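This note's numbering numbers the first residue of the sequence shown as 181 and each following residue consecutively. Virtual Cβ for every residue (Gly too), placed ideally from N, Cα, C. Treat the numbers as computed from the prediction; the structure is a model and nothing was measured. Here is the structure we will look at.
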Amino acid sequence: MTNMGMTFYSNEELPDDLYMHKTDSCYKHMHGLPEWYNFNAPCILAHPADSSSIKEGYSSWALRARRFTTGVELNVRIAASNNASTPKSNRIACLYYVEKDYLPFTAHWQEVRTYQGNLLSDFGTVDPGQRVLAQDSFKLILPVNGDYYIIAQINDIENRLNPKPPSTRAIDLEKLHQSYLWSVLDTANPYYITG
């Protein structure tokens with residue numbers, strides 16, 4: 181399904197391609213949370229850049245990496261899985277941030293660059309069923325005042341020059357939050373994610 185230049189997949193239909201997890205049951209029982217609690221969108225992972233380097237493992241440190249502090253340089257990684265029966269390549273991650281009140285208006289989304297100065301990070305070749313991190317980390321420093329959303333996207337490298345949706349009008353937030361190609365994290369409460 182396409183909406184204003186954005187491709188969406190509902191919660192029932194995983195794409196035959198890379199996708200971002202919406203919930204992850206491996207986080208159950210952590211920090212005293214009830215058994216039914218699942219963390220949504222466990223694919224935007226961040227830690228202060230001056231702390232120890234991020235591991236290539238995923239589940240063991242993902243929860244500890246969900247720390248967002250304004251005014252501090254953050255090293256942000258994007259994780260995805262391959263739902264296809266064949267290896268996938270030429271897929272990229274993009275990262276944005278926006279003040280909470282402006283999430284529906286993509287003209288306000290600020291692009292985030294990797295440590296290499298790029299606006300995208302390649303996933304490389306991803307085998308069927310494999311969960312991976314995009315190869316390059318994003319360097320993010322949130323402004324000191326205000327609450328923000330962090331927005332991650334999986335895209336095809338063919339669309340790398342214009343991955344962000346057009347800004348002519350507000351986007352459909354329900355579809356954005358449900359999409360397996362997009363992930364939105366509320367930095368004010370990183371343990372309760374909107375989708």
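Subject >> Same chain, Cβ closer than 8 Å to Pro323, neighbours up to 5 away in sequence not counted >> reply: Thr250 and Gly251
**OP:** Measure the beta-carbon distance from Ile331 to Tyr277 and round it to whole angstroms, keeping in mind my assumption that it falls under 8 Å.
**Re:** 7 Å
**OP:** Following the continuous alpha helix (DSSP H) through Trp254, name the residue where it begins and the one where it ends.
**Re:** Trp is not the amino acid found at residue 254; the sequence shown has Leu there. Premise fails: Leu254 lies in the beta strand (DSSP E), Glu253 to Asn262, not in any alpha helix (DSSP H).
Original post:
Which residue's Cα is closest to the Cα of Leu320: His227, Met200 and Asp327?
Top reply: His227
Original post:
Taking the Cβ atom as the reference point for each residue, do Val312 and Phe303 lie within a distance shorter than 8 Å?
Top reply: yes
Original post:
Short check: CB of Tyr329 to CB of Asn263, under 8 Å?
Top reply: no
Original post:
Which ranges would you report for the alpha helix (DSSP H) in the stretch 268-347 if only whole runs of at least 4 residues count?
Top reply: none
Subject >> Span of the alpha helix (DSSP H), counted from its first residue to its last, around Leu194 >> reply: Unbroken run through Leu194: none, as it is neither H nor E.
Original post:
Rounded to a whole number of angstroms, what is the C-alpha to C-alpha distance between Leu293 and Thr286?
Top reply: It should be noted that the sequence gives Arg, not Leu, for residue 293. So the two alpha carbons sit approximately 17 Å from each other.
Subject >> Residues that DSSP places opposite Leu361 in a beta bridge >> reply: Beta-bridge pairing links Leu361 to no other residue.
Original post:
CB Ile334 to CB Pro284, shorter than 8 Å?
Top reply: no
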